[in-house]
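In what follows, a single structure is set out as C-alpha cells and then discussed.
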Amino acid sequence: MKLNPNRAGRRTLTTAVGCATLLVGLTAISAPPVQATVLCAVQYQRASWPGGMSVNIVLGNVGDTWTGWTLRFAFPDVGERIAQGWSATWTQRGRDVTVTNMPWNGTVTSGGTAVMGFNGTWTTSAAAPVSFSVNGVACTRPGTTTTTVSSTTTTRTTTRTTPTTTRTTTTTTTTTPPTTGHVDNPYAGARAYVNPDWSAKAAADGGSAVAGQPTAVWLDSVAAVTAEPGSGYPTSLRGHLDNALAQGAGLVQVVIYDLPGRNCGRLWSDGELFPTELDRYRNDFIDPIASIEADPRYASLRIVNIIEPDSLVNLITSVSYGNERCVEVQSDGTYLLGVRYALDALHAAGPNVYTYVDVANHSWFGWETNFAAAATLFAQVAKDTAGGVNSVDGFVTNTANYAPTTEPYFTIDTMVGGVSVRRSRWVEWNNYVDELTFAQAFRRQLVANGFDPSVGMLLDTSRNGWGGSLRPKGPSISNDVDTFVDESRIDRRIHAGDWCNQAGAGLGARPVADPAPGIDAYVWIKPPGESDGSSALIPIGVDNPMGKGFDRMCDPDYGGNYRNGNNPSGALADAPPAGAWFSAQFHELLANAYPPL
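For the sequence shown, counting from 1, position 360 maps to 1123 in the numbering used here; every step adds exactly one.
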C-alpha cells in the first residue's frame, strides 16, 4: 500500500466562525477591565478515525489587541471527550469545553492568531461544535467549509455550493495496518503522521487542500525535544508521538538537526551548539530523543529519523573550498563523531526506529570529482558504528531544497547542435540534471561501497514542483545549448546553488511510498510555508524570539558567491526567520504546485 495523503484514512473538518466580542475576565482569575470591541474568527479543523480524533483550533484576532482570551464551545455528542490538549489550558465538564490561554500566547495582536489543539475520543459521533464564544460573547456563523477523508477503497469527490457558502469534499481510500518489527521500507503500507501544528497554519492560510499532508517534525535545538512553556516550540517530541497514536498513524518523520557547528558551509551557521559542545549534543539532545523513541508506548509507530541535513555533505564540498568552519569540524572530527553517535543511539532504540542520512542533492554531488568520495565518506561513518552499515536504513536527497524530481524535456545525454547539455552554464558539467536519476545512481554507488542492496532512498518533493505559468510546455527549439537548457528546464532558479526561499517554486509530488525503483518514498521533509531564513537581519524580539541569524543567501539583493557561481540569490523578499511561517511563499507554493492542486 503506497503512502499518499489522499489515501491516508483521514477526515478533516474546518468550520469558520466570525464574531464581535469584548474582552472580559478569564475563568479562575479576576476580570480585567473591559476593553475595546474586537472581531475574532475561529477555525475548527478536525481529523478523525473510528473512535478517535485530533483537532486544531485557530483563534484569529481581526480587531484590537487581546491581552487574554477564553474560548468556549460544546460538543454536539456526549461521547466526545478530550484526552490531551496543547497550547492552552483545557477543561471539560460534560459536553462543555473551556479553553484559556497560556502565559505565552495570551496577547494576540490585530491580525494575529492563537493556535491550539487536542486529541480526543468519541463514541457515536465526532461532530464539530455548532457555536463558539470568545471571552463570554457568542460568535456568529457566516458559513462552513468541510473537507472529509474516510477509510474505504474508492475515491469520490462531491462539491455543493449554496448561498451560505457551504462546500463538502469527500475523498475515500484504504490503508493497510503497518507490519510490526523492522521492515525493509517503513513507508510501505503505513499512514504517516500529520503534524497538527503545521496543518493548522496551512489550513488557515488558504491551504486546506494540502493541510492533511504528512510533514516531518524538526528537532533543531535541545529545547525542541521537550518544548517547555516559553521555548517557542508548541509541541514536544513525546507530544507528537502521542498525537500520532491518537491519529491512528503508523509512521512519524523526525528531523535530527542540532549537530555542533551545524551548517558550517553557509555564510551564517545558525546552530545553537559550538563545535566544542559534542558532549552536550550527546547527553542533552541525542540521548533524550533515543530514550523517548525507545518507549514501549510507541512500539507500534515506525519512527523515521532524518539524520543531520547539511552536515557530512559539507565535509566533501565546503572543505575543498577551504571554508574555515568546515575545516575545523573536519579536523576535530565533530561531524563524524556526532553523526556516528546519533546512528548508534537511534539504531539501538528499537526495531521500530529507522535512520535515513542526508546526502544533499545532485547540485552538490553530481560530479565525478565528488560523487564516489561522498559515498565513501558515508560508508566510513556507518561502518564505524556499533551496528555497521545496518545502522543506516537509507538516505534522503533534496532535503529542504528545490531541485526537481525529473526534468521532463532533456536528460544528461541530450545533445544540442552537436554540444552536450553538460557544457551548458546551467548544468556545469554535472552528470545529473534532476534528483531522481541522481538518487538512483547514488544508491547504486552506496551499495557498491558496502551498504545492503535493500537500502532505500527518500526524496523531498515538498517544494520542487515548479508549476504555474512559467513552467515550460515542451523542449526548446534553439540550437544554442545554453538557450535550449534555459528554455527547457522546469527548475526556474537562477542557479542550482540557490537554496533560500526561492521565488517561483511550487509544491511537488505528494508523499507516496515506492514511487520509483530504489526510492522508498517521496516525502515532505521541509514543511511547506516555513521560511528558510530571514531576508534581512531581524533583531531578537517578537519577530525573532529565538534570535536566529541572517544568511545573505536569503537576501534577494545579494549578488552571490562561489557557492552559487556569483549569481543572485533568487530569494523572496520580506522573509521571516528560519522556521517561521512565510505566508507569501506558501501562496506561491500553492499557485505553482505541480501536479496542480
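Glycine included, each C-beta is placed from N, C-alpha and C at the ideal position.
Helix, strand or coil at residue i according to DSSP, with G and I counted as helix
i, result
"residue 1049", "helix"
"residue 1344", "strand"
"residue 1165", "coil"
"residue 1318", "coil"
"residue 893", "coil"
"residue 1257", "coil"
"residue 1029", "coil"
"residue 1061", "helix"
"residue 1151", "helix"
"residue 725", "Here the chain has residues from 764 to 1360 only, and residue 725 is not among them."
"residue 832", "coil"
"residue 1079", "helix"
"residue 1293", "strand"
"residue 1037", "coil"
"residue 859", "strand"
"residue 959", "helix"
"residue 1245", "helix"
"residue 1354", "helix"
"residue 807", "strand"
"residue 1201", "helix"
"residue 1325", "helix"
"residue 1279", "strand"
"residue 1118", "strand"
"residue 1006", "helix"
Residue i and residue j closer than 7 Å at C-beta
i, j, result
"residue 1060", "residue 1115", "no"
"residue 841", "residue 858", "yes"
"residue 1380", "residue 988", "Nothing can be reported for residue 1380: it is not among the residues displayed for the chain, which extend from 764 to 1360."
"residue 1258", "residue 1198", "no"
"residue 1223", "residue 1148", "no"
"residue 973", "residue 967", "no"
"residue 1221", "residue 1120", "no"
"residue 1076", "residue 1127", "yes"
"residue 1025", "residue 1011", "no"
"residue 1053", "residue 982", "no"
"residue 953", "residue 1000", "no"
"residue 1332", "residue 1289", "no"
"residue 1294", "residue 1347", "no"
"residue 883", "residue 845", "yes"
"residue 1318", "residue 1298", "yes"
"residue 1207", "residue 1229", "no"
"residue 806", "residue 818", "no"
"residue 1274", "residue 977", "yes"
"residue 1271", "residue 1227", "yes"
"residue 1041", "residue 1023", "yes"
"residue 831", "residue 864", "yes"
"residue 839", "residue 901", "no"
"residue 1057", "residue 1002", "no"
"residue 1067", "residue 1016", "yes"
Cβ neighbour criterion (16 or more within 10 Å) applied to residue i
i, result
"residue 1094", "exposed"
"residue 1087", "exposed"
"residue 893", "exposed"
"residue 1037", "exposed"
"residue 856", "exposed"
"residue 1028", "buried"
"residue 1132", "exposed"
"residue 887", "exposed"
"residue 824", "buried"
"residue 1374", "For the chain, the structure presents residues 764 to 1360; residue 1374 sits outside this window and is missing."
"residue 1352", "buried"
"residue 768", "Low confidence applies here, because residue 768 scores a pLDDT of 37, under 50, leaving its location unreliable; read the following figure in that light. When all chains shown are included, residue 768 counts as buried."
"residue 873", "exposed"
"residue 975", "buried"
"residue 1349", "buried"
"residue 1039", "exposed"
"residue 1329", "exposed"
"residue 1167", "buried"
8 Å contact criterion, which residue i and residue j should meet: CB distance rounded
i, j, result
"residue 1296", "residue 1341", "5 Å"
"residue 1175", "residue 1196", "5 Å"
"residue 1308", "residue 995", "5 Å"
"residue 950", "residue 1215", "With 8 Å as the limit, residue 950 and residue 1215 do not qualify as a contact, their Cβ atoms being about 17 Å apart."
"residue 1202", "residue 1139", "That pair is no contact at about 18 Å."
Residue i Cβ short of 6 Å to the ligand MN heavy atom set
i, result
"residue 1197", "Looking at this structure, you won't find the ligand MN or any other ligand, since it has none at all."
Meets three-Cβ-pair contact criterion under 8 Å: the stretch 1223 to 1240 and the stretch 1266 to 1278: yes
Does the stretch 1095 to 1113 touch the stretch 1138 to 1145, meaning 3 or more C-beta pairs lie closer than 8 Å? yes
Validate contact between the stretch 951 to 968 and the stretch 1069 to 1082 using beta carbons, cut 8 Å, 3 pairs: Segments in contact, no.
Between the stretch 1237 to 1252 and the stretch 1158 to 1174, do three or more beta carbon pairs fall short of 8 Å? As far as the Cβ criterion goes, the stretch 1237 to 1252 touches the stretch 1158 to 1174, which means the pair count is three or higher.
On the three-pair Cβ rule with 8 Å, is the stretch 1246 to 1255 touching the stretch 1185 to 1196? yes
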